[in-house]
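Contents: one structure, followed by commentary.
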Amino acid sequence: MSAASDFSGRCALVTGGASGIGRATVARLRDAGAEVAVFDRVVDGVDGLAIAGDVSSSADVNAAVARVESELGRIDILVNSAGVAGDSMRTVDTPDEEWRRVMAVNADGTFYACLAVVPGMVSRGYGRIVLVASIAGKEGNPMAPAYSASKAAVIALAKVLGKDLARTGVLVNCITPAVIETPMIDGLSSEHLEYMVERIPVGRVGTPDEVAALICWLASDECTFSTGAVFDISGGRATY
5 MSAASDFSGR CALVTGGASG IGRATVARLR DAGAEVAVFD RVVDGVDGLA
55 IAGDVSSSAD VNAAVARVES ELGRIDILVN SAGVAGDSMR TVDTPDEEWR
105 RVMAVNADGT FYACLAVVPG MVSRGYGRIV LVASIAGKEG NPMAPAYSAS
155 KAAVIALAKV LGKDLARTGV LVNCITPAVI ETPMIDGLSS EHLEYMVERI
205 PVGRVGTPDE VAALICWLAS DECTFSTGAV FDISGGRATY
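Under our numbering, the residues of the sequence shown are numbered 5 to 244, in order.
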């Protein structure tokens with residue numbers, strides 16, 4: 005695997021790093037010299053520093069960040085990739101518990117992870133935070149009300165936090181992938197998946213490695229003048 009940036013001497017935390025986009029990002033960062041910790045619900049078989057926990061629990065997130073800072077010395081990079089797709093259903097059929105479950109992981113979990121790493125980054129005058137949102141957060145996908153709303157929240161958080169930290173040396177950006185070939189799509193209905201693929205001009209789903217390449221540029225020292233920004237990676241579905 006090639007890597008455009010040199011991450012030697014950098015320490016990263018990747019939530020949701022045991023599979024999918026997160027896993028591809030971990031591999032790419034390590035290939036480029038970074039020390040990388042993984043935080044995920046299940047970390048069996050994950051190499052290196054791997055911490056099991058629930059991103060929707062602020063206590064779990066805070067404990068994980070404290071452990072990474074203790075064992076690696078600091079966190080220079082946060083990639084928040086943990087997320088759930090939620091069940092495919094119409095908005096009017098979405099029960100309270102499903103709404104809260106998806107929002108808790110995707111929106112609350114992103115917020116908790118950012119809050120946990122920001123103080124250390126600001127104190128050192130350096131940080132790169134990359135949040136994984138979704139094209140659904142821009143456009144809204146039918147049959148995915150909680151997912152779409154939660155990813156819109158991630159986009160808004162990246163914009164606000166990027167502006168809040170703009171003069172601290174900490175840059176915050178997010179990406180908005182279209183459908184990517186990860187375990188997250190396994191539970192989607194065929195109708196839901198077909199809707200998404202039909203709207204991708206290049207005519208296919210993306211791969212985790214393609215997304216990881218963009219994430220790693222945003223996490224690198226090459227990214228110096230982008231913060232609070234939204235980067236599309238959707239095969240042409242979104243062009244704004």
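Beta carbons are placed, not taken as given, at the ideal position from N, Cα and C, and that holds for glycine.
Query, Result
"Do ALA111 and SER154 have their C-beta atoms within less than 7 Å of each other?", "yes"
"Compare the beta carbon distance of THR29 and ILE219 with 7 Å and say whether it is the shorter of the two.", "yes"
"Please name the residue or residues paired with ARG132 in a DSSP beta bridge.", "ILE81, LEU175"
"Do you know offhand how far ALA162's Cα is from ILE179's?", "10 Å"
"Determine the DSSP secondary structure at ALA41, reduced to helix, strand or coil.", "strand"
"Do the CB positions of ILE184 and GLY144 come within less than 7 Å of each other?", "no"
"Please report how far the alpha carbon of CYS118 lies from the alpha carbon of VAL174, in whole angstroms.", "11 Å"
"Which residue from SER194, ALA56, SER92 puts its Cα closest to that of PRO146?", "SER92"
"By the three-class DSSP mapping on this structure, what secondary structure does CYS220 have?", "helix"
"From this set, SER12, GLY13, ASP51, which residue's C-alpha is nearest SER23's C-alpha?", "ASP51"
"Figure out for me which residue from GLY26, ALA223, GLY232, GLY21 has the closest Cα to the Cα of TYR272.", "The structure shown does not extend to residue 272, since the chain is modelled only from 5 to 244, so the question has no answer here."
"Should VAL59 and ALA86 be called a contact, given that it needs their Cβ atoms to be closer than 7 Å?", "yes"
"Do ALA41 and ASP72 come within 7 Å of each other at the CB atom, strictly closer than that value?", "As written in the sequence, residue 72 is Val, which differs from the Asp given in the question. Closer than 7 Å, so yes."
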